[in-house]
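K.L.:
Residue numbers (the working numbering), protein chains in the order written: chain A, 493 to 803; chain U, 493 to 803; chain C, 493 to 803; chain R, 493 to 803. Handing you this structure, nothing more for now.
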């Protein structure tokens, strides 16, 4: 049974990009550097194997390499949270075991996908996983990937029952997330609401989300840590200005020529290109079958970084 | 490189249910009996590890058990086609290797899922897999699971290039499938169009699809083989009557009380209940987190079978 | 109260294009010619003010002109069915009154749209309209426009209650339509199932649909009448060949350069261009804000017509 | 040509419910009282004939009654903005003329609906309407109703060209709305961004939206005016508390028993029930085919109002 809440999660928890070598293997040296660079910026946790980390493109052994590398590098300075992303309960459990064995502090689990699943079955999914796990479970609300959205009442129920230790809300539905914050106030000591948005982070923190998991935090972790600290100080006007600056920087996700590739490959490729340009990782390759950014497209990323004073 | 078309696929190719034991492991004895029962009915191929086979709920080792059991039982009497279903190219490849090693004759591959993928990246996915595979590849068009639909022009192009050996169309878009049949006529000797529909199989065969992959074929393989033979003889009126009978039988998928579980768990549970009632498999359990049918719901399946003369 | 079934509808019932003048008004002279040309081809009914007729782009007075012109021209040779398309019950009723006053024989009604409506409210919509109408009501299942799909059980119930005289199924879900045919067999004398598909018309007629409403029937009514007659004679093989020919012809809907305009404007523009090229109507203009086909795009329509022997 | 920006719109602009009599006609006496009650609360504008106002359920003559009543009652104290909601350009223009003649100050227009429309055609729609109109045009982004979302680049372009005077964003995509605010800063003197959300109004105002159009503002206009004033004073902490209180109150939209009717009829029925309970309007009837709230459901609305101190 999970002992939900045994590790407090909150603050800025970037979802790490997974640096790859030219032949598509995990570049552990670059991953060490990325981890150190994020820690140096003062982030409050590290989320590996999320959508930004291309979890859906990594073989099981590669996923293990990622967790192992980041857990060792973080060395308990901050919690390491691992995505255990697969289609259904029986397929998630081996990933969960792997995360446990490699020392992750918490795990992140989506609703079942590929299969169509009823709300009662989604709830069953989490109850079975909690029964099987020694780690706190964060539910990952990401309709763009799994094509269902969590029922807020279910999340509150699973939080109250100790099945879930929180939710990472990447649904883009800020009004819904605010409802979660309000509904989970009575259990706020053991149930966290984290926003997955890069673009309204200041709002989410202002209305009571306990943390943020911004993909753009790979590129500018200092900015998000600054934003967090401004909100903690109650300086929402300065936080808004920082957020607006980060919003502009986020435009780098549109690096690819319109229509040439998908939004996901453009965004993840741009994050990696930025990390390479900033000297953090060696290679900007994304995983197959994503198309790579070309020279002109990478130049757009460079320009964005220069404008933002990050180069 | 795949040698697409080296095995002719066509006719009735049921997507096998995967019998489970009470604790959720593959029941290989039941799977042997299911395979023999389908072969005895005269089916023309066996498709393992499709959606009906709960592929998304089986661990990698369980998938191997399924392929191994069916390949050995089929003993080259008919082709065995294996679903190698996972999110992206790097994660599909290990399943593909497994299918090769265990003796599958062809593989079935969906578009990437969980991640959002551009059409150019879907095409890249298939080209990379064909380059990596010694087996013919059937593309699996199943938007309800992967949330994209194949571009017919892409399929025709990949067929002409020898990347694909065919398509299994489970999109429900019969007009679109007919367009595929017409567009692929010039390569019909090496590119098959298979319908995934249980309910308009006669139509699809009449307009030129070379085969069908009906989930209900687990329950009544004789009916679908009869339907196939009627179409081959050109007796479309009798084929229609057989199809109408199978349509009525298909009503067993609605066994579950309305709203109690999802359509998928109701349908797959009903197929398994029917197989158990017919004495083919030992246990009607579906995989976690699917909810099981209760006694009243199973009674509805029994009634359907009795009306259809299958008990 | 509607006297559902008082006029038998069935066979080939083309949804008439609405010819417009260069300034966007109804070109009644061209509409008379279009009606006469369809009657000369032997169609069994005329459906005005459907999606093909750009009903959503016509002012109320223009809708009246269309009904009036076609009713007068048809002169009771075949039934005239009028779409009374608007968002909700109170807004449909004035269109319904107009159709009654101008002599339409039946009306065609969609589910409410723009607003989100519960199934119980969709049923209420039809019951209220039937109570208000002296004309038989055909329910129009067109999810691409209204974003809901009818519940087959509701349709059967409304058919049995005399609220509905039939359904025009433009959902593209042939398996679902077949279910409707089977479910409505007991009331088949007073409830018709019409397919809205141009591309699987032969299948729908073979499995028991009583008629078809093919937009392409504007361009080649003779082909669809021939198809109908072949199915009536039981010559499904020849019907299939005719359908395949019409499928190829249907390719003219893709006349527009990829990405330049929507599929709807391309298709409706191509139908009108074909009618102009065949000398039936004077002007190929579609309604605002649809973009017009350019010279190169119209040349593609011409080529299709030449290949089909229609020029 | 529209003289976009000639009337400044901003602040709290409630979308008025349309009170109906028991037989479904506009209750102009109640509408006068609702208008006066909102003006007394200090709202900054009045939006009639929006989704909350059941515009899609009102006949043309009823729409005229609504505009006329509110324009006369408002007597130029605040701007009156009228929704001119219909499927396409030719059908919107008569509504636009009506709004002009009856003295509306601005109009609100959605993308075309029912028909599928290409982005270039949506842009054409607005350009044609601006050419036809003497009133500033606010674009209404409401994907739940029209099933397309505006391209932000298009909105910025139309704002710069003077075609649009602003956008009312009811998409629920706060991150996207923030992008609009940032992108339209150079034209912020003549292009307003208004949020349609009741639940994150404080956030939207904090990041730069110039106003809000909250449906719940019918029930508690004082709360939203207070919220507005707190944001103007820079007291975002107090604004958040007010918003959280309004969030709780918003729970009245779930008055209906689960599954008995749609979310829209439950919400609009609850707003009207609250207005009746507060003595503002005479009758809580919603339009056909919406189902009415029953006694138990209305009791839930009453409880919410009591808890909120509004009774």
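All C-beta atoms in this analysis are idealised placements derived from N, C-alpha and C, irrespective of residue type, glycine included.
For residue 687/U, report the span of its beta strand (DSSP E) as first-last.
P.N.:
Taken as a continuous stretch (DSSP letters only), the beta strand (DSSP E) holding residue 687/U covers 684-687.
K.L.:
DSSP beta-bridge partners for residue 572/C?
P.N.:
Residue 572/C is bridged to 538/C.
K.L.:
Suppose the cutoff is 6 Å on Cβ atoms and the five residues either side in sequence are ignored; what does the same chain contact list for residue 575/C look like?
P.N.:
For residue 575/C, where only same-chain residues beyond five positions count, the Cβ hits under 6 Å are 541, 542, 547, 600.
K.L.:
Looking at residue 763/U and residue 711/U, is the spacing between their C-beta atoms short of 7 Å?
P.N.:
Contact flag set, yes.
K.L.:
Report the start-end ranges of each alpha helix (DSSP H) in the region 595-662 of chain A that is 4 residues or longer and not cut off at the edges.
P.N.:
If we require 4 residues or more, the alpha helix (DSSP H) runs fully inside the region 595-662 of chain A come out as 611-624, 635-638, 644-652.
K.L.:
Going by beta carbon distance, what residues of the same chain come within less than 8 Å of residue 585/R, once the five residues before and after it are set aside?
P.N.:
Answer for residue 585/R: 621, 624, listed in chain order.
K.L.:
What is the rounded straight-line gap between the Cα of residue 803/C and the Cα of residue 770/C?
P.N.:
Those two C-alpha atoms are separated by around 6 Å.
K.L.:
Any idea if residue 593/U is buried or exposed, counting beta-carbon neighbours within 10 angstroms, 16 or more meaning buried?
P.N.:
That one is exposed.
K.L.:
Does the beta carbon of residue 784/C come closer than 7 Å to any beta carbon on chain R?
P.N.:
No - not a single Cβ of chain R is within 7 Å of the one on residue 784/C.
K.L.:
Are the CB atoms of residue 731/C and residue 723/C nearer to each other than 7 Å?
P.N.:
Contact: yes.
K.L.:
When you compare only the Cα positions, how much space is there between residue 510/A and residue 760/U?
P.N.:
Whole-angstrom Cα-Cα distance: 37 Å.
K.L.:
The alpha helix (DSSP H) spanning residue 695/C covers which residue range?
P.N.:
Start and end: 693-698.
K.L.:
Around the Cβ of residue 695/U, are there at least 16 other Cβ atoms within 10 angstroms (buried) or fewer (exposed)?
P.N.:
With 16 or more Cβ atoms within 10 Å of its Cβ, residue 695/U is classed as buried.
K.L.:
Would you call the region 794-801 of chain A in contact with the region 730-747 of chain A, where contact means no fewer than 3 C-beta pairs closer than 8 Å?
P.N.:
Yes, the region 794-801 of chain A touches the region 730-747 of chain A.
K.L.:
List the residues of chain C that residue 616/R touches, going by C-beta distances under 9 Å, in chain order.
P.N.:
Simply 780, 781, 782, 783.
K.L.:
Starting from the C-beta of residue 673/U, find all residues in its chain whose C-beta is less than 7 Å away, skip the five residues before and the five after it, and write them out in chain order.
P.N.:
Hits under 7 Å: 685, 699, 700, 701.
K.L.:
State the CB to CB distance for the pair residue 779/C and residue 606/R, rounded to an integer number of angstroms; the pair is presumed to be in contact (CB under 8 Å).
P.N.:
About 13 Å; that fails the 8 Å criterion.
K.L.:
Give me, in chain order, the residues of the same chain whose beta-carbon lies closer than 7 Å to that of residue 565/A; leave out the 5 immediate sequence neighbours on both sides.
P.N.:
524, 527, 528.
K.L.:
Give the straight-line distance between the Cα atoms of residue 703/C and residue 531/C, rounded to the nearest whole angstrom.
P.N.:
Rounded to whole angstroms, residue 703/C to residue 531/C spans 16 Å at the Cα level.
K.L.:
Please list, in chain order, the residues of the region 655-671 of chain R that have any C-beta partner in chain A closer than 8 Å.
P.N.:
Under the 8 Å Cβ criterion, the region 655-671 of chain R contributes 664, 665, 666, 667, 670, 671.
K.L.:
Over the uninterrupted alpha helix (DSSP H) stretch that includes residue 582/R, give me the two end residues.
P.N.:
That run of the alpha helix (DSSP H) goes 581-593.
K.L.:
Answer yes or no: does any C-beta atom of chain C fall closer than 7 Å to that of residue 587/R?
P.N.:
Chain C contact via Cβ: absent.
K.L.:
At 8 Å on the CB atoms, spell out the chain U contacts of residue 581/A, in chain order.
P.N.:
Per Cβ cutoff of 8 Å: 549, 779, 780, 781.
K.L.:
Taking just the CA atoms, how far does residue 598/R sit from residue 628/R?
P.N.:
When rounded, the distance between both Cα atoms is 5 Å.
K.L.:
Give a yes or no on whether the minimum CB-CB distance between residue 754/R and chain C is below 7 Å.
P.N.:
Chain C contact via Cβ: present.
K.L.:
Relative to chain A, which residues along the region 678-695 of chain R have a C-beta separation below 9 Å, given in chain order?
P.N.:
If the cut-off is 9 Å between Cβ atoms, the region 678-695 of chain R has 689, 690, 691, 692, 694, 695 near chain A.
K.L.:
Could you work out which residues of chain R lie near residue 698/A, taking near to mean beta carbons separated by less than 9 Å?
P.N.:
694, 695, 698, 728, 729, 732, listed in chain order.
K.L.:
Here's a check: name, in chain order, each residue in its chain whose Cβ is nearer than 6 Å to the Cβ of residue 603/C, leaving out the five neighbours to either side.
P.N.:
Counting only Cβ-Cβ distances below 6 Å, and skipping sequence neighbours, we find 614, 638, 640.
K.L.:
Taking 7 Å as the cut-off, decide whether the C-beta atoms of residue 516/C and residue 720/C are in contact.
P.N.:
No.
K.L.:
So which residues of chain A does residue 738/R contact, with C-beta pairs closer than 7 Å?
P.N.:
Those do not exist, as residue 738/R stays about 11 Å from chain A at its closest Cβ, beyond 7 Å.
K.L.:
Looking at chain A, which residues of the region 523-546 of chain U have a Cβ within less than 9 Å of any of its Cβ atoms?
P.N.:
Within the region 523-546 of chain U, the residues whose Cβ lies closer than 9 Å to some Cβ of chain A are 543, 546, listed in chain order.
K.L.:
DSSP state of residue 773/U, grouped into three classes?
P.N.:
Three-state result, residue 773/U: coil.
K.L.:
Scan the region 504-534 of chain C and note each continuous alpha helix (DSSP H) run of 4 residues or more that stays entirely inside, going in chain order.
P.N.:
With a minimum length of 4 residues, the continuous alpha helix (DSSP H) runs that stay inside the region 504-534 of chain C are 520-533.
K.L.:
Could you tell me if residue 590/R is buried or exposed, where buried requires 16 or more neighbouring beta carbons within 10 angstroms of its beta carbon?
P.N.:
Classification of residue 590/R: buried, given that the 10 Å Cβ count is 16 or more.
K.L.:
Check whether the Cβ of residue 647/C lies closer than 7 Å to any Cβ atom in chain U.
P.N.:
It does not: the Cβ of residue 647/C has no partner Cβ on chain U nearer than 7 Å.
K.L.:
Determine the chain R residues that contact residue 575/C at a beta-carbon separation under 7 Å, and present them in chain order.
P.N.:
Correct list: empty, because the minimum Cβ distance to chain R is about 11 Å.
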